[in-house]
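Report on the following structure.
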Amino acid sequence: MKSKLKLKKIKKSIFLLSLIFTVLTNVSYFALAQPEKNEGEYNIRQEIIYQFIHNENWIHPNGFINSSEKNYFIFGVCQTKQERMEGKAFPPYNLRLWVDGEEIKLNRIKWRDKDGIKMCGSVTWLIFYHIVEPETYESNTCHSFKVYFSYYDLHPRRLQEFVYDDLSFYVDWSLFEYHESEKYSYFHYLPTSALERSKIRTLLYTHGSPKVDNYSAMEDYIRYNELPRIKPYCDKYGYALVIMVTPRLWGDYPDYKMNTQSMNRWVMFDNDFDKDYYDFYKRPDLEFIRVIEDFKLFLRNRSLTPEEKVYIGGFSNGGMQANRFSILHPDRIAATAIGGAGAYIYPMESLNGNDLTYPVGISDVDQISDTHYNLSLFKTIPHLIFVGENDTKIINDPVPHGDHFSEEHSDLINTYFGKDQVERAINYSNYLNSIGMDCQFDLYEGIGHEYTPEMVERMFEFFEQN
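Under this note's numbering, the first residue of the sequence shown carries the number 1, and numbering increases by one thereafter.
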């Protein structure tokens, strides 16, 4: 028995020593993979990319690099060799080449698991890349450069090196940009049709709420669902598009109160149940402003002039965001489109002796710092309210759910503003018109809680009227 235990210990020690040797060997190879720098001739940027494979199942969404061999660089990522063999690849997390002064940034790919969680585990491929950069970049001009790739292939262990010579790229504005920040990331899309206006008109699109609380997965939801949904209409009508990735916390009480995507009361005010990590979910309206200003700066740095105000629109939780942001920051909004919101904030302080606090009314919005509610200004904003006639299911009704409203607010809404989503939409539209606002209302026959292409197009047609 003792000899067996001793043998196991010896085997374990041998395994650990071989593992350490493998790591040290790999590190030395990685060091060798660096080509010599000659800073006098070019500026080298390098990044390490995890889980890089050529996989034609995933075409780079911004693939505009042309060479004599391929029209695009094609990237893919996978989890394991077995899953790669089974064809289970996941979309890459990437940043495209983009113009930034005299610097060009290449794609960065991080490994994500099937739930969208960023991973940095063991790698099958470890790649270094180096780029020889042109000195200047001009719009609508073709530029040439060289890319040096070197990677260490672990299966079998050998160093591979190759060069793409005289690659070219075309500086084209009409590509998605991903912007990472300390808090919320955002995407923008600037079609060439938007450049035909004397000033760039921007849609701030407020997205809905898939049931994910992983921020990386939410980014992928925007990238592969919301962007493709809105993009064709930005092309057609000539609008720049900005989508901020707004988080949402799911879980037990009180975590589910952090419904950032609806801009509910608990993310706008301090609460006695707040936890330190709730700061990430607080005050999305201020992040919207930061994103708007950042995008305007992006345009101005490229000699483009943005319109001062933005157009805001969204559906479901996104409709709530559009509604509440327009109330709190009317000085920034040109027109508002609200789809399938389920409930609305009224520019009223009280009704029948009831104090209407946020987000039912505005009696206490002055306590929300850095907001600019102004009834006269709000009344100048044209509104479009739209909803499907069958959008009455309780599962899609925010009012009875504790992640949207308190019981007191739910009772007020059901008593005075409507029993279901359709009734509330009609009543809100009628109220806005009754106080002298320009509010259009659309009811879609045979439609439930769905955001149809007809609704999206109608939103853009409405914006064009204003």
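Think of the CB as a built atom: it goes at the ideal place given N, C-alpha and C, for glycine as much as any other residue. Nothing here was measured: the structure is a model prediction, and the numbers come from that model.
Check	Outcome
Residue closest to Glu467, alpha-carbon to alpha-carbon, out of Ser326, Gln465 and Ala425	One cannot answer for residue 467 here, as it falls past the ends of the chain, which runs 1 to 466.
Where the alpha helix (DSSP H) through Val456 begins and ends	Pro453 to Glu464
Residues bridged to Leu241 [DSSP beta-bridge criterion]	Tyr189 and Leu203
Cβ-based neighbour list, Lys282, same chain, cut-off 7 Å, excluding 5 preceding and 5 following	Val267
Buried versus exposed call for Gln465 [16 or more other C-beta atoms within 10 Å across all chains shown]	exposed
Identified DSSP bridge partners for Val360	Per DSSP, none; premise fails for Val360.
Coil, strand or helix - Ala343 by DSSP	coil
Opening and closing residue of the beta strand (DSSP E) in which Val387 lies	His383 to Gly388
Val422, enclosing alpha helix (DSSP H) - first and last residue	Gln421 to Ser434
Three-pair Cβ contact test at 8 Å for the region 233-248 versus the region 339-349	no
Beta-carbon contacts of Lys296 that lie in its chain and below 6 Å, excluding the five residues immediately before and after	Pro306
Cutoff 6 Å; reference Asn301; Cβ partners in own chain excluding five residues on either side	none
Cβ pair count under 8 Å reaching 3, the region 303-317 against the region 345-359	no
Own chain partners of Pro382 with C-beta closer than 7 Å, once the 5 adjacent residues on each side are dropped	Ala335, Asp438 and Asn466
Neighbourhood of Tyr311 by C-beta, 6 Å cutoff - its chain only, sequence neighbours within 5 removed	Leu203, Ala334, Ala335 and Phe463
Helix, strand or coil at His401 according to DSSP, with G and I counted as helix	coil
Residues that Cys439 bridges to, as DSSP identifies them	His383
Start-to-end residues for the alpha helix (DSSP H) that takes in Val291	Pro284 to Arg300
Same chain, Cβ closer than 8 Å to Asp366, neighbours up to 5 away in sequence not counted	Tyr373
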